[in-house]
Every structure is written in C-alpha cells, then in structure tokens.
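Asker: Those protein sequences? They're chains A and B, same order as listed.
Using numbering that gives the first Met the number 0, the letters of the first sequence map in sequence onto residues 0 to 411.
Using numbering that gives the first Met the number 0, the letters of the second sequence map in sequence onto residues 0 to 224.
Please find one structure pasted underneath; my questions will follow.
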Amino acid sequence: MIFSIAWKNVWRNKLRSLIIILSISLGLLGGIFYLAFANGMAQQQINTSIKTFITNIKLHNPNYLINHEIIYTIANPEEKLKIIKATDGVKASTLRLISPGMASSAITGTGIFLNGIYPKEEINVSDINTKIIKGSYFESELKNQALIGEKLANKLNIKVKSKLVVTIQNAAGDISYGAFRVVGIYKTDHSAFDQLQVFVRKKDLSKLIGVDESTVNEISVLLTHNNLTKSVKEKLKSDFADEIESEQVIVRSWDDIQPILKMLNEMTIQFSMIFVIIILVALSFGIINTMLMAIMERVREIGMLMAIGMNKLKLFLMILLETVFLSITGGVIGLSLSFIVIEITGNSGIDLSIVGEGLNSMGYSSFVYPEIDNYYYLLIGLLVVVTALFASVLPARKALKFNPAEAVRHDV
Amino acid sequence: MSIIRTVGLNKIYDGAAVPVHATNDVNLSIEVGEFTALVGPSGCGKTTLLNLIGGLDTPTSGEVFVENTNLSSFSGKELIDFRLKNIGFVFQAYNLIPVLSARENVEFIMHLQGTDKVERKSRVEELLLKVGLKDKMDQRPSALSGGEQQRVAVARALASKPKFVLADEPTANLDSAATKNLLDIMLKLNEDDNITFVFSTHDSRVMKRARRLVTLDDGKVISDE
C-alpha cells in the first residue's frame, strides 16, 4: 500500500511532477545523445581506420618499427599467410611491401609511404577501392600505376593520368627514382592518411627497390569482428612464438598500432559519462526542490501518519519511493526517447559536412552515426535510480524531523 | 477500570519569554467506556493534554498511564508502535490522505498493523457502514463533505481496534447538522461497542452531549463533572 500511496502522491500535483519528469527526460536525452554521438564518431574513426588501412592485426619485423628500412622484412610470408588465413575469425589477409619515400611534382614534393599491394587481395582487407573519387582502382595491368589521396593530389597539383615521381632508398641503400602514372584518386575520412599513403602494385615497388618480388614487410589481417582482435592476436602470437622469441616477427593489434585511437575512444566515453553524471547531479537538485515542496505542502498529513503510528522507516520509504517513482518515470521516458532518437539518427546518420574538412583533418567522418551499447542504457538507468535515492534523503530527513503534535495542526 | 490515568502531569513550554504551563499538575482518570469532553477556553491546555495522553508529546514532569503502562517508559520507536496498536486519533482538520479513497484511508492503518487483507476488507466495510458511508467507500476525500470526511476519520481511528479514541476539536470545522450527525455516531459507537472517547471541544452543543466534562483553565483541571 505504501507503494501505491507513493505512486499516487507523484501525481498529486500533475503540473509540477510533469515539469520535473520533462526535465529529467530532456536532460537524459541530451546526455545520452551526446554520449552516442561522441561514441559514434570515435567508433567510426576506429572502424574506418581498421577497414581502410590499419586492419585488425598486423605482422612486421620488429626492427622495421624502429627503422622503416627495406632490409627489415618478414621471413616466409606465404607460409605465414596460409597459417593466418586458416585461423578462426580471420576474414582476409594480405601481404604488403611498404617503403617511405618522397613524392614530387613539377610544383613541390612531400614525404609519403609507398604501399606495394596485390590489388585483388588488398580489397579483401581494405575498402580503399570504394574510396575512389576520380579515375579507377588498378583496372588495367599496365606497369607503374599509382593510387593517391585527394589531399596529396591537391598538394602536388596533379590529376588522374598525371605522372608522379617518387624517390626512395633502394635495397642497396642508394636513392632510386621511379615514375608512376596516377590511375585513381581516393578520399577517406582521414586527410592525413590521404596525404601520406600512395598505393602501387607490389611488383612495381619491388622492382624499384630492387628486391625479390616475394619480399614482404607487412602482413595485414582483417577479422570478421573487431571484438575478436584480442583472441586472434593471442592465437597468432602462439603460432609464431618461436619467431617472436627470436625477434623476427611481431604481432600487433590495431590498438597497439594506433594507441591514440583506443585512448581517444575511451576518453570520449569517459568524458561523455562525466557529462551525463553532471546532468544527473544538476537534475537531482531539481528533484530535491520538487520533493521538498511536496513535503512542505503535506506537513499535516505527514504529522497524521506519524501520529497514528507510521514508523520512521516506513515514512522514509514512502518519500524515497515517491522520489524514485518520479525520477524513474522521467528516466524511462528519457531513455526511451534517447533510444528512439539514437536508432533513427544511427540509421540515417547526421550530416556534418558543413564542418567536414575540420573533422576529416582529425580523422573523423563528416557523417556521424550515433551509437551506444545497450549496457549504457542500463548503466544510466541505474544512475537515475542512484540520483533518486540521493535526492530523496534531504526531503525524507525533513519529514522525519516533524513533530507530529505540531504537524497535525499545521496551517497550510 | 481506569484506562487512562495522568499523575501530576506538567507540560511547560520554555520557548516564550515567560515559560508557559500548558498543563499544570493534571491528575485525571478516565474509565473504559467513558465519553469525556475536555473543555475550556482557547489556550487552556486541552490539546496539550490530549497530545500527552496520546503519546504525541512528552510531559515536563508527571506520568501518563494507559491501562497500567507508563508511556514515559517507552522509547520513541516503542511509543509509535504503542500508538498504532492502542490509540485512535481524530483531528480537527480530518487529515485524510487525499489520494486514497475513504476505504483506503480506513484500511491504511490496518495495513500498518499488518492485518491480513480479508480482515481489512471486512472491517473497513463494517466501520464505514457504522459511520453511514458504505455507499461512499470509493470516493476520495475531495468528493466528500466535511462531515463525511470526519466520519471517515472516526472510522479510521477505530480501524486499528484501539483501547480509546482521542479527538481534538472534531467538530470545529463542521456545521451544526454535521456536528449532530458526528456526535450521534460517536455516541452510538460509545454505547453499542463501549468505545472510550476523549475529545476536546469549546462547542457548547458538543459539551451538552458529553457524559463527562473536564474543564481546564490555564492548564489546570478546575472542574470534573
């Protein structure tokens, strides 16, 4: 019956209760949507990075990570590729030969990474072929084709079919020059990537460097799902334990390669949660105020309840339940609204192309798809209950301090 | 048999510039089945005496016995429990819970006592029948007149099967017809069910119908008829 009274008391002053319920709902909607928006941006950045180039796991010669020299290659890459492809959770894997270099045009020059790839294999681990905005993705078998980013094309002022001159250090340690024909220009959500990464056929790069065509200094692995990264990484580390032990190979996951991505993602979630908590703390003052008003309007009634024998625990419980019901009503509406808005915008996306250039320069997409795990709805729901419990203490203490003899005769 | 006994009961309020003796050495004994009115001018100590008898306030000195139990021997928690099980209260302003129906208002105190649902239901109906409100059981207080609300309050006071009922100015907010009706009901309950009523009043129409009049002035009992 105390539950029933508490619930009915919530609706005693409908307007006042609706105002605080609306405040809670909108506060939660704002907080959760911000969380989903920020999380969506961070997740997209991770997913884009993984799908476009980083992939989930990479294998290198550990020395290559210290010094990007062509001598630091991976031994028996084809054998390793077979083992990797046979591993559960691996969607695709490919071999790459990568060399730092200099790209030049008639106007200027800039530092780049030349990625020697197998174009047909590459599209199984990277979606770079879907990012072509001009030209094509290695359609012909002609030699010395290059795929460059829009940012680099703009910087060098070159177009499709233009000649791209690259300078690299060859296997002998000498400088080699190569001329590539731009066959396609791509554009990702990461402008720094677009400026740095140039794709060429692996055999063309091998020839330019002066190494055997089978030479590889990177194996990239794409998984069926990102949450398998840790387990597959451990499996590969176990498969190549001997070579890892002898420092011939190193297995790294995307968060080892780009720890800042993981850190940014975690920070985004943490800051967003702090923002949600600040909203809840602010709302708790509104709830306390509403409940204090409700208590002060019912001094006589509370005095009567104390006089007829309602003990302090039950009185406290009644006020606590009233606060919890009020908050949970707002919480349920707020969470539901958030769910609906996040579902809608998560499917349709939010177009931020008006500030797209700035976002791209930080590696974010200009089209954001808000998303959060259902776990956060549960967590925030629990936080609403905690807020309600916290907000109920002051009004309940106030009520418990009433003297029943005076309270029953209190003039409202 | 004495159901209520006060011995040298004093209540002094120190808050004012001059200490106020709200009750001054009150020695009173009320028997089972009495219909007693505490009368006197405003501020004479009627409500204070009722509060002391009901355990809502503690005396500065002296003692209150209910049957042979000394109320000052109870802790605060025990006193709340004692009130719940032994004393019925009726207040001047009815003090019903507005969000509950008449039935639920009466039932609530039995719920606090832990009475089972079947007994609660039958007792609520019996009591609301006795106070003439069987057909308005499901009405909320806002839909009832002042007299009807006070009759619900009387039913609520009796719902816990108390040893006695304390009523503080129960007719003060009622018109003459409602006052007569309420007194008829209280007297009938007193006669038929031997329920002890102790109430304060300054209404002469009520005084005339009381079986015992205890007159107070300046906190002292000046007559007991």
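Heads up, the beta-carbon is just placed ideally off N, CA and C, and yes, glycines get one too.
In this text, all values refer to a predicted model and were calculated from it rather than measured experimentally.
(1) Strictly under 9 Å for the Cβ-Cβ distance: is B/Val98 near chain A by that measure?
(2) List the residues of chain B whose Cβ lies closer than 7 Å to the Cβ of A/Glu300, in chain order.
(3) Measure from the alpha carbon of A/Arg299 to the alpha carbon of each residue in A/Pro403, A/Ala395 and A/Glu233, then state which is nearest.
(4) If you run the structure through DSSP and keep just helix, strand and coil, what is B/Phe88?
(5) Taking a Cβ distance cut-off of 8 Å, strictly less, list which residues of the segment 306-324 of chain A are near chain B, in chain order.
(6) To the nearest angstrom, report how far apart A/Ile19 and A/Gly285 are at their CA atoms.
(7) Can you find a C-beta in chain A that's less than 9 Å from the C-beta of B/Leu55?
(8) List the DSSP bridge partners of A/Gln144.
(9) For B/Ala158 and B/Ile108, which I take to be in contact (beta-carbon distance under 8 Å), what is that distance rounded to the nearest angstrom?
(10) Since B/Phe88 contacts B/Ala156 with CB under 8 Å, what's their CB separation in whole angstroms?
(11) With 7 Å as the C-beta to C-beta threshold (strictly closer), list the residues of the segment 4-35 of chain A near chain B in chain order.
(12) Can you pull out the residues from the segment 122-142 of chain B whose beta carbon lies closer than 8 Å to at least one beta carbon of chain A?
(13) Identify, in the order they occur along the chain, each residue of the same chain with its Cβ nearer than 7 Å to the Cβ of A/Met0, setting aside the five sequence neighbours on each side.
(14) Evaluate contact between the segment 215-231 of chain A and the segment 49-65 of chain A, counting only Cβ atoms and requiring at least three cross-stretch pairs below 8 Å.
(15) For A/Leu80 and A/Glu121, what's the separation of their Cα atoms in angstroms?
(16) Since B/Leu181 meets chain D, which of its residues come closer than 8 Å, beta carbon to beta carbon?
(17) Unbroken alpha helix (DSSP H) runs of length 4 or more, entirely within the segment 118-172 of chain A: which are they?
(18) Please state the DSSP three-state secondary structure of B/Pro40.
(19) Skipping 5 residues on each side, what residues in its chain have a beta carbon closer than 8 Å to that of A/Ile287?
(20) Quick one: Cα of A/Ser22 to Cα of B/Cys43, how far?
(21) Just verifying my parser: in three-state terms, what is the DSSP assignment at B/Arg204?
(22) Using 10 angstroms around the beta-carbon of B/Tyr12, count the other beta-carbons present and answer buried if the total reaches 16, otherwise exposed.
(23) Name the residue from B/Met0, B/Ser1 and B/Thr5 whose alpha carbon lies nearest to the alpha carbon of B/Lys219.
(24) Please classify A/Tyr375 as buried or exposed, where buried requires at least 16 other C-beta atoms within 10 Å of its C-beta.
(25) Can you give the Cα-Cα distance for A/Ile294 and A/Ala398, rounded to whole angstroms?
(26) For A/Gly172, which of A/Arg180, A/Ala105 and A/Ser98 has the nearest alpha-carbon?
(27) Going along chain B, which residues have a C-beta under 7 Å from A/Pro403?
(28) Check each candidate in B/Pro97, B/Ser41 and B/Met0 and name the one with the smallest Cα separation from B/Ser28.
(29) Once the 5 residues before and after A/Arg11 are set aside, which same chain residues still bring their CB inside 8 Å of it?
(30) If you count every other CB in all the chains shown that lies within 10 Å of the CB of A/Ala145, and 16 or more means buried, which is it?
(31) Pull out every residue of the segment 39-53 of chain B whose Cβ sits closer than 8 Å to any Cβ of chain A, in chain order.
(32) For the segment 106-119 of chain B, enumerate the residues whose C-beta is nearer than 7 Å to any C-beta of chain A, in chain order.
(33) Do we get a CB-CB distance below 9 Å when we pair A/Arg446 with the residues of chain B?
Answerer: By the coordinates alone:
(1) yes
(2) Asn94 and Ile96
(3) A/Pro403
(4) strand
(5) Of all residues in the segment 306-324 of chain A, Ala306, Ile307, Gly308, Met309, Asn310, Lys311 and Lys313 have a Cβ within less than 8 Å of some Cβ in chain B.
(6) A direct Cα-Cα distance of roughly 7 Å separates A/Ile19 from A/Gly285.
(7) yes
(8) In the DSSP assignment, the residues bridged to A/Gln144 are A/Arg180.
(9) 5 Å
(10) Contact flag correct, Cβ pair sits at about 6 Å.
(11) Ile4, Lys7, Asn8 and Arg11
(12) none
(13) none
(14) yes
(15) 13 Å
(16) Among the protein chains in the structure shown, which are A and B, there is no chain D.
(17) 118-124 and 149-155
(18) coil
(19) Ala390, Leu393 and Pro394
(20) 50 Å
(21) helix
(22) exposed
(23) B/Thr5
(24) In this structure A/Tyr375 is buried. Its beta-carbon is surrounded by 16 or more other beta-carbon atoms within 10 angstroms.
(25) 7 Å
(26) A/Ser98
(27) Leu55
(28) B/Met0
(29) The answer, listed in chain order, is Ala293.
(30) It is buried - the Cβ of A/Ala145 has at least 16 other Cβ atoms within 10 Å.
(31) Listed by position, the residues of the segment 39-53 of chain B near chain A (Cβ gap below 8 Å) are Thr46, Asn50 and Gly53.
(32) Residues Phe107, Ile108, His110 and Leu111.
(33) With chain A represented from 0 up to 411, any question about residue 446 of chain A goes unanswered, as that position is not in the structure.
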